[in-house]
Amino acid sequence: MKNKFVSLLAIILGIIIIAFPMIGVIGTSSLIGLSVLLISIYLLVVGVAIIDYNKSGAIIDLILGIILLFLSLGLIFNPNLFAFLAEISLYLAGIVLIIVGVVALVNNRHARFGFYIGISGIILGLVYIIIGTYVADPIILGTLIGLWLVITGVLKIIDG
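If you're matching positions, the sequence shown starts at 232 in the working numbering and goes up one per residue.
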């Protein structure tokens with residue numbers, strides 16, 4: 232039951248991220264902050280869901296989720312933090328996706344599609360960094376994070 236909830240949560244959060252940039256009225260800082268916030272919510276839920284059978288993976292997810300929660304709130308509510316992180320802010324979510332992909336590889340190595348969940352996070356993180364370097368469009372960048380969450384949710388549902 233927990234896995235289906237986590238899978239559906241990932242799909243819903245991914246769709247929200249994909250749809251949200253289409254509204255297009257919030258600045259880059261808030262979009263990146265929102266994307267990182269939704270990833271942190273996902274990591275916190277996954278950390279709680281897997282704590283019964285994978286304590287080390289759960290601890291990694293929970294710590295990363297808490298760190299990303301504080302970072303995302305700072306990006307959303309403190310424009311000075313965004314100014315400070317302006318040089319690396321476009322790479323931040325890509326780096327986070329790569330880290331989350333590696334964590335997913337570790338946590339899901341016994342699942343049928345766990346490898347693909349981790350690899351998709353790493354690949355989309357690299358694509359995010361490349362696109363962030365040349366395009367810097369928050370709509371495209373937010374959509375990549377949403378795409379990873381949807382892929383993760385669908386693969387977890389298929390995995391059972």
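Cβ coordinates follow ideal geometry from the N, Cα and C atoms, glycine included.
Alpha helix (DSSP H) segment containing residue i, residue limits
i      : result
Phe344 : Neither: Phe344 is in no alpha helix (DSSP H) and is coded neither H nor E.
Ile281 : Unbroken run through Ile281: none, as it is neither H nor E.
Asn234 : 233-250
Leu316 : Unbroken run through Leu316: none, as it is neither H nor E.
Residue i versus residue j: straight-line alpha-carbon distance, rounded
i      : j      : result
Val256 : Gly245 : Since pLDDT at Val256 reaches only 39, below the 50 mark, its modelled position is unreliable, and no value is offered.
Ile249 : Asn285 : 30 Å
Ile294 : Val279 : 11 Å
Val333 : Ile350 : 8 Å
Leu431 : Gly264 : A question about residue 431 goes unanswered here, because the residues of the chain that appear run from 232 up to 391.
Val267 : Leu300 : 7 Å
Ile371 : Ile281 : 31 Å
Val354 : Val381 : One detail in the question is off: residue 354 reads as Ile in this sequence, not Val. Taking the straight line from one Cα to the other gives about 15 Å.
His341 : Lys235 : 17 Å
Asp283 : Ile247 : 29 Å
Ile297 : Leu275 : 7 Å
Ala241 : Tyr273 : 7 Å
Leu262 : Ile243 : 17 Å
Trp379 : Val277 : 15 Å
Leu316 : Gly363 : 14 Å
Buried/exposed call for residue i, threshold 16 Cβ in 10 Å
i      : result
Lys387 : buried
Asn311 : exposed
Ile270 : buried
Lys365 : Before going further, note that residue 365 is Tyr rather than Lys in the sequence given. Result: exposed.
Asp292 : buried
Ile361 : exposed
Ile319 : exposed
Ile290 : exposed
CA nearest to the CA of residue i, picked from the options
i      : options                        : result
Ile352 : Leu262, Thr364, Gly377         : The sequence as given places Gly at residue 352; Ile does not occur at that position. Comparing Cα positions, the closest option is Gly377.
Ser238 : Gly384, Ile389, Asp390         : Gly384
Ser287 : Gly373, Ile329, Leu269, Val337 : Val337
Thr374 : Phe344, Ile298, Leu328         : Leu328
Ile389 : Arg340, Ile272, Gly345         : Gly345
Phe308 : Ser260, Val276, Ala241, Ile297 : Ser260
Leu323 : Ile243, Val277, Val358         : Val358
Inter-residue CB distance, residue i and residue j (contact presumed, cutoff 8 Å)
i      : j      : result
Gly356 : Gly325 : 5 Å
Asn339 : Ile330 : Not really, about 15 Å apart at Cβ, beyond 8 Å.
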